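J.:
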Amino acid sequence: MLKLQLLGSLDLVDAGRDLAPVLRRPKSVALLAYLAAARPRGFHRRDSLLSLFWPELDQPHARNALRQAVHSLREGVGAGAVIGRGEEELGIDRQRLWCDVAQFEQDLDLGNARSAIALYRGEFLHGFHVSGANEFEPWLDQERKYLTKRALVATLELSKQDEATGNYVAALGWARRGVEIGPYDESALRRLLRLLDHIGRRADAVREYEEFADRLALDLEVTPSPETRSLMEAIRARVEPQVFVSAGMLNSTPTDGGSQGAAAAVNTARASARVRNVFSRSLGVFQALLARVSASIRSIQRTKNAASSAERTGSSPTRT
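Each residue of the sequence shown is one higher than the one before, starting from 1 at the first, in my numbering.
1. Just to confirm, is the Cβ distance from L97 to F124 under 9 Å?
2. Quick check on the DSSP output: the alpha helix (DSSP H) that includes Q95 runs from which residue to which?
3. Quick one: grab the DSSP three-state call for V82.
4. Considering just the uninterrupted stretch of the beta strand (DSSP E) at D204, what are its terminal residues?
5. Identify the residues that DSSP records as bridge partners of L342: which are they?
6. Are the CB atoms of L32 and L391 within a distance shorter than 9 Å?
7. On the premise that A175 lies in contact with L195, defined as a C-beta separation below 8 Å, what is that separation, rounded to the nearest angstrom?
8. Straight-line CA distance for A217 to T223?
9. Buried or exposed: which applies to T155, given that a residue is buried once 16 or more other Cβ atoms fall within 10 Å of its Cβ?
10. If you draw a straight line from the alpha carbon of L19 to that of L193, how long is it in whole angstroms?
11. L152 bridges to which residues according to DSSP?
12. What is the DSSP secondary structure of V222, counted as helix, strand or coil?
13. Could you check what DSSP says for H129 in three-state terms: helix, strand or coil?
14. So, are the CB atoms of L7 and R177 less than 9 Å apart?
15. What's the C-alpha gap between L73 and G173?
16. Tell me the DSSP secondary structure of L19 in three-state form.
17. If we call anything under 9 Å between Cβ atoms a contact, is R202 one with R144?
18. Give the straight-line distance between the Cα atoms of G80 and V22, rounded to the nearest whole angstrom.
19. Shortest alpha-carbon distance to E186 belongs to which of P226, E163, K3 and I199?
20. Find the nearest neighbour of H126 within the set Q301, L10 and K3, judged by alpha-carbon distance.
21. Which residue or residues does DSSP assign as beta-bridge partners of R63?
22. Check this for me: beta carbons of F104 and R41, under 9 Å apart or not?
23. Would you be able to state if there are at least three C-beta pairs under 8 Å between the region 51 to 58 and the region 129 to 141?
This is the structure we're talking about:
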């Protein structure tokens with residue numbers, strides 16, 4: 001059976017056959033992916049496929065392009081994989097072609113979240129692009145968001161289920177998986193932070209938050225929401241500074257002022273630890289600020305470079 005993997009990097013495999021030539025035809029692959037993954041599942045009218053993949057062509061030329069794409073697919077993956085219903089509809093024979101997206105959604109709908117998440121290797125058609133199909137791109141972006149959201153919701157629900165049974169190791173693992181799936185999703189981060197806080201790993205929670213804040217600053221040039229910042233401040237307040245006291249201090253006796261000396265040493269150690277903790281917090285804030293400033297500088301530099309390039313070519317700069 002053919003296996004079409006669309007979650008993560010695109011792959012098409014069939015035992016004993018080299019399908020690399022099929023993958024080198026982006027528009028044909030995009031058509032196959034759409035027929036296999038688009039909702040509702042089943043057959044799709046040719047007219048809708050024409051407007052999706054060949055909007056720039058008139059009807060006769062677009063229909064000819066569709067016929068050629070279908071022919072190349074049947075030649076590459078087998079005549080029975082892409083099927084028609086009458087003259088105006090096309091679909092996939094799911095007895096011949098298995099698609100991870102369809103299986104992923106079926107598993108979720110049946111309550112098999114663990115099996116579904118095992119299929120989720122990354123965002124839908126990660127890194128895939130097809131030229132000359134402007135209407136396909138919005139559909140692709142919409143599907144990426146939809147499938148990522150379903151995976152994220154399922155992962156966080158699994159984390160809650162394991163937490164409810166006291167399996168904090170598994171709950172933490174699912175929470176981390178949620179952050180991997182949604183690296184900018186604050187609900188996933190907050191679930192991870194609360195679990196780390198609950199099991200006493202607050203220093204890890206601080207580190208996870210700071211890495212998340214850096215990602216937002218560098219990639220999106222935004223800061224975490226007030227809700228997330230408030231949670232982090234509450235966790236930081238519970239991070240107890242470590243106090244290091246020598247055995248001599250603990251073993252000292254009341255003679256010659258030993259207990260007073262030990263108490264003073266402990267107080268000094270605590271004060272030093274508090275200073276270190278405050279410095280660590282300030283350093284984290286400074287690093288996040290520095291990341292945002294660096295991101296802004298890069299954005300300004302890109303704009304300047306675009307303007308310089310436009311001046312050399314004699315055209316106006318455009319934003320990408």
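A virtual CB, placed ideally from N, CA and C, is assigned to each residue, including glycine. Remember, it's a predicted structure, so these values are computed and weren't measured experimentally.
T.: Result, derived from the coordinates:
1. no
2. No alpha helix (DSSP H) holds Q95; DSSP gives it neither H nor E.
3. strand
4. No beta strand (DSSP E) contains D204, which is instead part of the alpha helix (DSSP H) from R202 to R215.
5. The chain is shown only over 1 to 320; residue 342 falls outside these bounds and no answer can be derived.
6. Beyond the ends of the chain as shown, which are 1 and 320, falls residue 391; an answer cannot be given.
7. 5 Å
8. 6 Å
9. By the neighbour-count rule (16 or more Cβ atoms within 10 Å), T155 is buried.
10. 44 Å
11. In the DSSP output, where bridge partners are listed per residue, L152 has none listed.
12. Here DSSP, grouped into helix, strand and coil, assigns V222 to coil.
13. coil
14. no
15. Straight-line measurement puts the Cα of G173 at about 40 Å from the Cα of L73.
16. coil
17. no
18. Going by the C-alpha atoms only, they are around 15 Å apart.
19. P226
20. In terms of Cα proximity to H126, the closest of Q301, L10 and K3 is L10.
21. DSSP output for R63 lists no bridge partner at all.
22. no
23. yes
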